[in-house]
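Everything on this sheet refers to the single structure shown next.
Residue numbers (my numbering): 920 to 1509.
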């Protein structure tokens, strides 16, 4: 029994020592934490939360935001290179200015400004709350000497003086303090004005948090949906690369319509969209520019439109002895391979309207629709690839048919198009037949005269137009002569001319999710409210010292302060003296 007793005592001693060590370690950790806070963390918070640091960070963020606004973000890199040139392009790219809001340095400035505002609030809010709560009811004579707004009065009745002063300033919060035989009145109006400072700083922090949420968790990307098709993936530029993001739903374009001004600019384009979620149609809505569709926090905007893979039909007029004509059918964004040569047509775009200003320089604008046209790149062995725009309608100016035409850009840029008249009106099949018949009848031997050529043309006319000459015979002759000059020099084995089309549009959508938008709106509302308090609510303070004199008179010393709008307060304080006297004399509320 004695051994067991000693054993239990030893265990108890060990447990006591263990708990003592734990308590000692916890006390040491608390002491170390407090020491670290006061010696290291607190000075850092005071420094970071100071006004100079906050102003510097806000200035840096403002400059960066201006740059991000002036310099369009997340555009195609080729556009940046063409706009700025190689030197500035690589400089801006190294600084991340093309996707500035996701760069490490911008997010660092944003984070430091948020930390500075938070530190400022943590440091000053308790002091502001304490100042609004605690009011000093007395004032020493030395302090009163340095205050501008003050006056002294003498009365007979102390109680009547107190009621007269309170009645002269209705709506003020009064506090009475008795110091010996002296009664102090302290009146305040707008004493909660410091909530304006707290609210403004809190609002700025909330707005920055909302912006950070948008950068970190939001997205903005583009989606192209052809009529009758559906899509669920958006593309967006991040830095210098294109990235893709799959949406949790599909978007189907049921219909697309577009209207144009007389200048050719679109006046309105409208998409009828259906949202498909988990295989089920959940909603259908028409959208236009600035009237988006919202679903699951994603806003779907009408952003653009273009060709959605229209089916185009071209006639290929062979520049050989037979002069045969072949049909080429293909969709935009596909390539047609000519089976009779090594030439290919890479279709880029189709437009049913092509509005051009036909007025001469200095004359009023005269817009005209040149009709449907298809763009393609023509390639082939030994050929320089060029961008071609082939028109369906002939070029008619001042009522005269100048024949079919096309535009050619040797650089591949549509801005470098040059117009080439083909001579013949290829929309009239007989003109190609006339051209071929005339070429076959032209004399090949040397010494042929103009009369011989004219006879050949007449014979060709009789063959192609046996029932009578065409009404525009002079212009027709000019077109055939122009074709003789142009067509033999063409480097291609055929002349591609747009014949027909079955148009399909795609609707260009922009999908955006901004989880921080509501937070920013809340912060903005707080900011407006805080600024109204700061600018329109002044803290006005009145100290009234009431003391009975030995001769029975009551001496009243009134002192006033205001933290802003001194001109208005000066007038109000001057009127106060008259109001107190009047209230005292009448014994009624002023």
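In this text, a Cβ means the ideal position worked out from N, Cα and C, and glycines have one as well.
Remember, it's a predicted structure, so these values are computed and weren't measured experimentally.
Alpha helix (DSSP H) segment containing residue i, residue limits
| i | result |
| --- | --- |
| residue 1132 | 1113-1136 |
| residue 1050 | 1023-1052 |
| residue 1496 | 1485-1505 |
| residue 1382 | 1369-1383 |
| residue 1005 | 996-1014 |
| residue 1225 | Careful: residue 1225 lies outside any alpha helix (DSSP H), inside the beta strand (DSSP E) at 1217-1226. |
| residue 1262 | Run containing residue 1262: none; DSSP gives neither H nor E here. |
Rounded Cβ spacing between residue i and residue j (contact assumed at less than 8 Å)
| i | j | result |
| --- | --- | --- |
| residue 1464 | residue 1479 | Not confirmed; about 13 Å, so no contact. |
| residue 1063 | residue 1069 | 6 Å |
| residue 1313 | residue 1346 | 6 Å |
| residue 1118 | residue 1448 | 6 Å |
| residue 1105 | residue 1094 | 5 Å |
| residue 983 | residue 1019 | 6 Å |
| residue 1004 | residue 1224 | That belief does not hold up - the Cβ atoms of residue 1004 and residue 1224 are roughly 32 Å apart, past 8 Å. |
| residue 1418 | residue 1156 | Contact doesn't hold; Cβ gap of about 38 Å is too wide. |
| residue 1075 | residue 1473 | 7 Å |
| residue 1031 | residue 976 | 5 Å |
| residue 1212 | residue 1204 | 5 Å |
| residue 1274 | residue 1183 | 3 Å |
| residue 1467 | residue 1077 | 6 Å |
Collapsed DSSP secondary structure at residue i in the structure displayed
| i | result |
| --- | --- |
| residue 1269 | strand |
| residue 1065 | coil |
| residue 1020 | helix |
| residue 1278 | coil |
| residue 1058 | coil |
| residue 1145 | strand |
| residue 1081 | helix |
| residue 1208 | coil |
| residue 1232 | strand |
| residue 1388 | coil |
| residue 1151 | strand |
| residue 1509 | Confidence in residue 1509 is poor, its pLDDT being 38 and thus under 50, which makes the residue's placement too unreliable to answer from. |
Same chain, Cβ closer than 7 Å to residue i, five either side skipped, listed in chain order
| i | result |
| --- | --- |
| residue 1509 | Annotation note: pLDDT 38 at residue 1509 (below 50); position unreliable, coordinate value reported separately. Only 1086, 1087, 1498, 1501 and 1502 meet the Cβ criterion. |
| residue 1371 | 1362 |
| residue 1378 | 1360 |
| residue 1324 | 1310, 1314, 1338, 1339, 1340 and 1341 |
| residue 1253 | 1266 |
| residue 1421 | 1229 and 1230 |
| residue 1507 | Note on residue 1507: pLDDT 41, under 50, position unreliable in the model; the coordinate value appears next. Excluding sequence neighbours, residue 1507 sits near nothing in its chain. |
| residue 1412 | 1237, 1238, 1260 and 1262 |
Residues near residue i by beta carbon distance below 8 Å, same chain, minus five either side
| i | result |
| --- | --- |
| residue 1319 | 1394 |
| residue 1296 | 1264, 1265, 1267, 1304, 1305, 1306, 1307 and 1331 |
| residue 1132 | 1434, 1435 and 1438 |
| residue 1399 | 1342, 1343, 1350, 1353, 1354, 1357 and 1376 |
| residue 1484 | 1457 |
| residue 1169 | 1149, 1150, 1151, 1194, 1195 and 1196 |
| residue 1405 | 1339, 1340, 1341 and 1342 |
Cβ shell of residue i (< 6 Å), same chain only, five flanking positions each side left out
| i | result |
| --- | --- |
| residue 988 | none |
| residue 1299 | 1261 and 1262 |
| residue 1250 | 1228 and 1230 |
| residue 1071 | 1476 |
| residue 1481 | 1457, 1459 and 1488 |
Residue span of the beta strand (DSSP E) that contains residue i, given as start and end
| i | result |
| --- | --- |
| residue 1517 | Residue 1517 lies beyond the stretch modelled for the chain, which goes from 920 to 1509, so this question has no answer here. |
| residue 1106 | 1101-1108 |
| residue 1249 | 1244-1250 |
| residue 1166 | 1160-1179 |
| residue 988 | Counting along the chain, residue 988 falls outside any beta strand (DSSP E), though it belongs to the alpha helix (DSSP H) covering 970-989. |
| residue 1092 | 1092-1098 |
| residue 1253 | Segment: none, residue 1253 is in no beta strand (DSSP E) and carries neither H nor E. |
CB contact below 8 Å: residue i versus chain B
| i | result |
| --- | --- |
| residue 1268 | Absent here is chain B; the protein component of the structure consists of one chain. |
Could you tell me which uninterrupted beta strand (DSSP E) segments, each at least 3 residues in length, are contained entirely in the stretch 1391-1474, listed from first to last along the chain?
Counting whole runs of 3 or more residues, the stretch 1391-1474 contains the beta strand (DSSP E) stretches 1413-1421, 1424-1432 and 1459-1467.
Please specify which runs of the beta strand (DSSP E), each continuous and at least 3 residues long, are wholly inside the stretch 1284-1370, giving them in chain order.
Whole beta strand (DSSP E) segments, 3+ residues: 1286-1288, 1292-1298, 1305-1310, 1324-1328 and 1337-1340.
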